[in-house]
Amino acid sequence: MLHAGLRTAVGLSCTICFLASVLRSIPCWFSPTSVAKDHDGFMWFIYVAQFMNAAAAQLTQAAPSLISQIWFPTEQRALATGIARQSNSCGRAVGFFLGPAIVKIASDLPTLLYVEIGTICFINLTPDPQS
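Each number in this note's numbering corresponds to the 1-based position in the sequence shown with 28 added.
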């Protein structure tokens, strides 16, 4: 992250999450009967997508410390890092509330996956703000 830059690392993390979301949604493109027949075959999409999500998280977990180190003076770093870390946890909490809010029955699951893909695309394609 120090050599490529924070924006590049977070962009790479978003790209990996995007690919994992697409991979996770592939079983939704098939009929439910074909998924039921080849349940184990389609589960590999879920396993690989979850592995990709876990790998992408490593890039974003180091970002709060790096941001506070670069942008804040020494006496404010602990507070800045704490707020950034809690923001990350709050984002995960939103995800836990969003799932049940969108998915009422099993056929609503593709909608949740497409919302996730759209959110990741929005985050990844947002232009770099001018400092």
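Even glycine gets a Cβ: it sits at the ideal position worked out from N, Cα and C.
Counting C-beta neighbours from all protein chains within 10 Å, is the total for residue i 16 or more, i.e. buried, or is it exposed?
| i | result |
| --- | --- |
| E144 | buried |
| S128 | The amino acid at residue 128 is misidentified as Ser; the sequence shows Pro. P128 is exposed by the Cβ-count criterion. |
| I148 | buried |
| A101 | One detail in the question is off: residue 101 reads as Pro in this sequence, not Ala. Exposed, by the Cβ-count rule. |
| C45 | buried |
| S135 | exposed |
| A37 | buried |
Using only CA atoms, which one of the options lies nearest to residue i?
| i | options | result |
| --- | --- | --- |
| T43 | N81, F58, W72 and G33 | N81 |
| A91 | Q104, E103, A108 and T102 | A108 |
| G122 | F58, S41, L140 and D68 | A small fix is needed here, since residue 122 is Val in this sequence, not Gly. For V122, the nearest C-alpha among the options comes from L140. |
| M71 | G119, I151, I54 and L94 | I54 |
| F73 | R35, V38, G39 and F58 | F58 |
| L87 | S115, L40 and R120 | L40 |
| N116 | A85, L34, F150 and K132 | A85 |
Does the beta-carbon of residue i, which I'm using as the reference point, lie nearer than 7 Å to any heavy atom of the ligand ATP?
| i | result |
| --- | --- |
| L51 | Because no ligand of any kind appears in the structure shown, any question about the ligand ATP cannot be addressed here. |
Three or more beta-carbon pairs under 8 Å between the region 47 to 57 and the region 74 to 94, yes or no? yes
Hey, which unbroken runs of the alpha helix (DSSP H) at 4 residues or more fall wholly within the region 85 to 131? 91 to 99 and 105 to 130
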